[in-house]
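If you're matching positions, the sequence shown starts at 8 in our numbering and goes up one per residue.
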Amino acid sequence: MPKPKKGARFGGSASHQKAIFANLATALFEHGRITTTESKAKAVRPYAEKLITKAKAGTLADRREVMKVIRSKDIVHALFAEIGPSFEGRDGGYTRITKALPRKGDNAPMAIIELVREKTVTNEADRARRVAASQAAPAAEETVVEEAVVEAPAADEATEDKKDA
8 MPKPKKGARF GGSASHQKAI FANLATALFE HGRITTTESK AKAVRPYAEK LITKAKAGTL
68 ADRREVMKVI RSKDIVHALF AEIGPSFEGR DGGYTRITKA LPRKGDNAPM AIIELVREKT
128 VTNEADRARR VAASQAAPAA EETVVEEAVV EAPAADEATE DKKDA
C-alpha cells in the first residue's frame, strides 16, 4: 500500500494526513484565506496549487480528480467557475503564506495562507514601462547639458568684467 513518505506526517496515519490536507484545501477555496500552523500551511500549499492548476484546465477528467479530494460539489464548482479562471494569466504561485503571531495555548508558530488575488504585470507591460523610462532619461540629460552650456558664457563675462575693473 503506497503511503506518503516525504516530509512530516500530520495526524499520525497516511489517511488522516490526506483528510487534513483535503479539509484545509476545501476551507482555503471556500474562504480564500485560512489561519493554520506554519508547517501545515507549507505542506498544503503545493496540494492546493495542483488543484487550482487542474481547475484552470477545466476538463471533465480534471473535475473528477478534484472531486476525489474535495467532497463538496459547491466548492468544486466555485473552484472551476471562479477561482481557476481568475488565475488564467498566472503560471503557479496562486497562494501566499504570511507568518502570524504564535498561538496562545501552545505557542505554536501560526501562518495565514491565502489565495493571491492581485493581477500579475505582464512582461509586455513591464518592458514598455522600462523602454519609456529609458527614453525619458536621455531627453532629461540633453536639457541639463543645454542649460549648463548657456550658463557658462555668462559666468565668463562676469569674470572678464571683474578683470577690467
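Built from N, CA and C at the ideal position, the CB exists for glycine as well.
The DSSP-derived three-state label of R40 is strand.
Where I77 is concerned, there is no enclosing alpha helix (DSSP H), because DSSP gives it neither an H nor an E.
Contact check for T102 and L86: beta-carbon distance about 13 Å, past the 8 Å limit, so the pair fails to qualify. Per DSSP, the unbroken alpha helix (DSSP H) holding K63 starts and ends at E45 to A64.
Look at A118 here: in three-state DSSP terms it is strand. When rounded, the separation of the alpha-carbon atoms in P9 and I41 is 30 Å. For K25, the secondary structure class from DSSP, reduced to helix, strand or coil, is helix.
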